[in-house]
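A.B. asks: The following block contains the structure, expressed as structure tokens.
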Amino acid sequence: MEPLVDGFGRVARKLRLSVTDRCNFRCDFCMPLHPIWIPHKEILTYEEMARVVRILVSMNVTKVRLSGGEPLMRRDLEKGVKLISSIPGVETVSMTTNGYFLAEKAAQLKEAGLQSVTVSLHSLKPERFEEIVGRKDVFSKVLDGLREAKKIGLHPVKINCVVTRGCNDDEILDFVELSRQSGFSIRFIEYMPFDGRHLWDVSRLVPGSEIIEKIREKYRLVELPREPGSTAVVYEYADGADGNVAVITSMTKPFCGDCDRIRLTADGKIVPCLFSRDEYDVKKLLRGGASDEEIALFIRESFRKKFAGVETLIKAKGFVPHVRPMHTIGG
Ligand code: SAM
Ligand code: SF4
């Protein structure tokens, strides 16, 4: 089939697949205080997800990243990974996770076809981390998950750190030291306004440029050419140390021009862009007896309406954040 192309000529290559909206953490920048969970019957089965993936692969989408909520909260995730990774044409299956169940699940998931993992770690201070994620006694489990992922050979193992001013922006160099010692890739993410508690404010946003400046006070960095479609700008250490750092500047410097992502929510909505409010209900077709061709056409038409980009939107006064909090879209 023809590739999946939007109205601006951008081609979809990567799928962000949210397998559940449930989460055992309550990160203040993500989860509402009183989350309303999607009813179980509305959540796609692994077979339904795999069917959409098969259709997307036929349109040249080849990389799948599992997300959530917390993907490891979904029962038998390894079955879902196996189903998806076995689809001919799927080149990579990766996952973004809070890491809590990773140590116990990593080997099974790798066996099922998971290749790489990104673990969210927002502070290296146990108490602060647990305050951010709203759960006690979880820090060491997340670190165990990171170590286990590396030990069993998931590759790459990356760390996502959402930086918020006045909270963890004093730890940037500590994360840099961690990456230099461990070889992990640290990705500093700008705080985005999809937080379920509506705490987002521009004063709490730490621009990626400020993060890089801070690191450059101590280390010489070499900026790598950005991979087309990537949201991250990656820097290596000029002194040859292991690991690397990246900034994901979705707010101050989004790379919408060559965006190659499409999203499928756990409740079966195609979301062409995290920042737009548009979503398209593919579940209705999946459960209504539609053929693969009809579903492909529906996805094609939905994706064609993909929003141009966020730059002008963010600068505009009165920006209205997405109605869905982050845990229901997949980050
Ligand atoms: N539960 C998993 C986790 O936390 O890694 C996967 C889902 S989470 C929604 C995906 C990514 O989005 C995580 O790295 C998380 O830290 C990040 N995230 C959540 N809320 C955010 C926000 N308001 N701004 C920027 N990133 C956010
Ligand atoms: Fe859960 Fe991830 Fe959201 Fe934190 S960011 S509340 S771990 S879904």
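Heads up, the sequence shown is in the numbering used here, so the first residue is -4 and it goes up one at a time. From the three backbone atoms N, C-alpha and C, an ideal C-beta is built for every residue, glycine too.
1. Looking at GLU288 and the ligand SF4, is the gap between the Cβ and the nearest heavy atom below 7 Å?
2. For the alpha helix (DSSP H) containing GLU(-3), name the first residue and the last one.
3. Count the other CB atoms, across all protein chains shown, that sit within 10 Å of the CB of SER135; report buried if there are 16 or more and exposed otherwise.
4. With distance defined between alpha-carbon atoms, name the residue in PHE250, CYS25, SER204 nearest to THR226.
5. Quick check on the DSSP output: what are the complete beta strand (DSSP E) runs of length 3 or more inside the region 196 to 244, in order along the chain?
6. Between the beta-carbon of LEU329 and the beta-carbon of ARG46, is there less than 8 Å?
7. My assumption, with CB atoms under 8 Å, is that GLY75 sits in contact with SER13. Please give the rounded CB distance.
8. Can ALA107 and SER80 be called in contact, C-beta distance under 8 Å?
9. Within the present structure, is the beta-carbon of PHE3 separated from the nearest heavy atom of the ligand SF4 by less than 7 Å?
10. If the criterion is Cβ atoms closer than 8 Å, does the pair VAL157 and GLY94 meet it?
11. Considering only the alpha carbon of each residue, which of ASN163, PRO83, SER115 lies closest to LEU97?
12. Please write down, chain order preserved, every residue whose beta carbon lies under 7 Å from a heavy atom of the ligand SF4.
13. For a test of the three-state rule: what should DSSP assign to GLU274, helix, strand or coil?
14. Touch check for the region 30 to 37 and the region 282 to 300: three-plus C-beta pairs under 8 Å?
15. Can you tell me which residues form a DSSP beta bridge with ARG11?
16. When the Cα atoms are used, what is the spatial distance from GLN176 to ALA233?
17. Among residues of its own chain, excluding the 5 on either side of LYS9, which ones have a beta-carbon nearer than 6 Å to its beta-carbon?
18. Taking 8 Å as the cut-off, decide whether the C-beta atoms of THR87 and GLN110 are in contact.
19. Let me know the alpha helix (DSSP H) ranges lying completely inside the region 35 to 81, each 4 residues or longer, listed in chain order.
C.D. replies: Reading off the structure:
1. Numbered from its first residue, the sequence shown carries residue 288 at position 293. Because no heavy atom of the ligand SF4 lies under 7 Å away, the Cβ of GLU288 does not count as near it: no.
2. On the sequence shown, residue -3 is found 2 positions in, with the first residue counted as 1. No alpha helix (DSSP H) holds GLU(-3); DSSP gives it neither H nor E.
3. Taking the sequence shown and counting its residues from 1, one reaches residue 135 at position 140. Exposed: under 16 other Cβ atoms inside 10 Å.
4. Residue numbering aside, residue 226 sits at position 231 when the sequence shown is read from its first letter. Per the Cα distances, PHE250.
5. 216 to 218, 227 to 232, 239 to 243
6. Residue 329 cannot be examined here, being either before or after the span of the chain that is shown, -4 to 326.
7. As a position in the sequence shown, residue 75 is number 80, starting the count at 1. As a position in the sequence shown, residue 13 is number 18, starting the count at 1. Incorrect: roughly 12 Å between the Cβ atoms, too far for contact.
8. Indexing the sequence shown from 1 puts residue 107 at position 112. Indexing the sequence shown from 1 puts residue 80 at position 85. Yes, they are a contact pair.
9. Against the sequence shown, residue 3 aligns to sequence position 8. Answer for PHE3: no, Cβ out of range of the ligand SF4.
10. For this step, residue 157 is matched to residue 162 along the sequence shown. For this step, residue 94 is matched to residue 99 along the sequence shown. No, Cβ-Cβ distance for VAL157 and GLY94 is not below 8 Å.
11. For this step, residue 97 is matched to residue 102 along the sequence shown. The shortest C-alpha separation from LEU97 is found at SER115.
12. CYS18, PHE20, ARG21, CYS22, CYS25, MET26, GLY63, GLY64, GLU65, ASN93, SER115, VAL128, MET321, HIS322, GLY326
13. Taking the first residue of the sequence shown as position 1, residue 274 is located at position 279. Note: GLU274 maps to coil in three-state DSSP.
14. no
15. Stepping through the sequence shown from its first residue, residue 11 is reached at position 16. DSSP lists ARG60, ARG258 as partners of ARG11.
16. To locate residue 176, count along the sequence shown from 1; it is residue 181. To locate residue 233, count along the sequence shown from 1; it is residue 238. Going from the Cα of GLN176 to the Cα of ALA233 covers about 15 Å.
17. Here residue 9 refers to the residue found at position 14 of the sequence shown. Cβ within range, chain order: LYS58, ASP255, ARG256.
18. Here residue 87 corresponds to residue number 92 of the sequence shown, with the count starting at 1. Here residue 110 corresponds to residue number 115 of the sequence shown, with the count starting at 1. Yes.
19. 41 to 52, 72 to 80
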